[in-house]
Each structure stands twice: as structure tokens, then as C-alpha cells.
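Asker: Residues 1 to 161 (full-length UniProt numbering) make up the sequence shown, in order.
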Amino acid sequence: MRRSDSRTLKIEGTRGYIAPEIMAGGCVSRNSDVFALGVVLLELISGEEPLKYRLPEKGGTAFEWVSLIETARKVIGPAEEAGERMGRVRRWVDRRLRDSFPVEVVEKLTLVALRCVETEAARRPSMSWVEGMISKLFLESKDWSERVRFQADISASFAPR
């Protein structure tokens, strides 16, 4: 028996986080890491799992896959629907957040996440670009929070003393 120098590498992961090129038998790369980060961002924003089953809305008994990525794409919609986008984003965001976030920032963060989950790996941004955008959006969110907190500090009580 001769010893083989070849190695087999089995990649394991959770469906929904794995980039399409890896599912097709490709190699792990920085682009696949960016894809996974995009999925995590969408999950944090929406409070939803990357993939789940649900019954079809039009009736029937067979379950269908629901992709968080496709749902996010529908929420953002085409550019010409930008005026309606804010309402869709507000309804889509994790309900546990209530209105404790600036909708404009969440919309921009969703757009960043959608760039990360581009089907074609070459179209995904670099991790440093994503980091820069998240930092910028954090600062926008912080400014919003300080403005809202100032207004929220005013209170009135109508109860007897």
C-alpha cells in the first residue's frame, strides 16, 4: 500500500449561511465569509432565521422554503419604490426592537447586507468596506439616539401627588 499525498477537505456549515459557490463545490474564501456576515446582519435586523419552512399563503398542505435573503430583497424592492421602502423596512424589522432604531439606518444596513449576499462572489464587497459602512451607520444611529433621548427626557405625570 502506498501512502497518498492527496487530502480531502469536507466543509460543513449551516444551510442558509453557506455561500452559493461553496454549495456548488467551490472553495472557502473571503467572499464566502462576507456572504455569511451578510446573512448574520439580515438575521440581526429581522429577528428571523436564514431559512425556514412555512405553509403557502394561498392554501395547500405542502411546506415551502422561505429565504431571509429573498425576503430582504422584497422589503428593499426596486429603486423606484424607495418612497414605500421605509414602511416595509419598519414592518420587517424585529418587533422586539419596537421603534428604538432609526429606520433610515436600518434601511442602509439592509442594503449593505444585501451587497454581502450577492449570488456572484466577485460582486460582494470587501470585509473592510463592510466594516467601514457598519461603523459609519453606527455613528448615524448614535446621533439619532442622542436626539431622541433629549426629546424623550421630558415627561409629565397626571397622577395626584
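Even glycine gets a Cβ: it sits at the ideal position worked out from N, Cα and C.
Fair warning: this is a prediction, and the values are worked out from it, not measured in the lab.
1) Among residues of its own chain, excluding the 5 on either side of P50, which ones have a beta-carbon nearer than 7 Å to its beta-carbon?
2) Quick check on DSSP: helix, strand or coil for S128?
3) Measure the alpha-carbon distance for T14 versus M23 and round it to whole angstroms.
4) On the CB-based measure, 16 or more other CB atoms within 10 Å of its CB, does C116 come out buried or exposed?
5) Look up K58 in the DSSP assignment and say whether it is helix, strand or coil.
6) Assuming the contact rule is C-beta atoms closer than 8 Å, M52 and V66 should be a hit. Round their C-beta distance to whole Å, please.
7) What first and last residue would you give for the alpha helix (DSSP H) that runs through V39?
8) Do L111 and L41 have their C-beta atoms within less than 8 Å of each other?
9) Name the DSSP beta bridge partners of L51, please?
10) What separation, rounded to the nearest whole angstrom, lies between the Cα atoms of A121 and G83?
11) Helix, strand or coil: which one does DSSP assign to D143?
Answerer: Let me lay it out:
1) Along the sequence shown, one-based indexing puts residue 50 at 50. So the list reads G16, Y17, V39, E43, L68, once near-sequence residues are dropped.
2) Translated into the one-based positions of the sequence shown, residue 128 becomes position 128. Helix, per DSSP.
3) Indexing the sequence shown from 1 puts residue 14 at position 14. Indexing the sequence shown from 1 puts residue 23 at position 23. Computed Cα separation, rounded: 11 Å.
4) As a working note, residue 116 is residue 116 in the sequence shown. It counts as buried.
5) Here residue 58 is taken as the residue at index 58 of the sequence shown, counted from 1. Coil at K58, not helix or strand.
6) Here residue 52 corresponds to residue number 52 of the sequence shown, with the count starting at 1. Here residue 66 corresponds to residue number 66 of the sequence shown, with the count starting at 1. One detail in the question is off: residue 52 reads as Lys in this sequence, not Met. At roughly 5 Å, the Cβ-Cβ gap stays under 8 Å, so K52 and V66 are in contact.
7) By 1-based counting over the sequence shown, the position of residue 39 is 39. V39 -> alpha helix (DSSP H) spans 30-46.
8) The sequence position of residue 111 within the sequence shown is 111, counting from 1. The sequence position of residue 41 within the sequence shown is 41, counting from 1. No. Outside cutoff.
9) Along the sequence shown, read from residue 1 onward, the residue named residue 51 stands at position 51. S67, per the DSSP bridge assignment.
10) Along the sequence shown, one-based indexing puts residue 121 at 121. Along the sequence shown, one-based indexing puts residue 83 at 83. About 30 Å.
11) Within the sequence shown, residue 143 is the residue found at index 143, counting from 1. The answer is helix: DSSP assigns D143 an H, G or I state.
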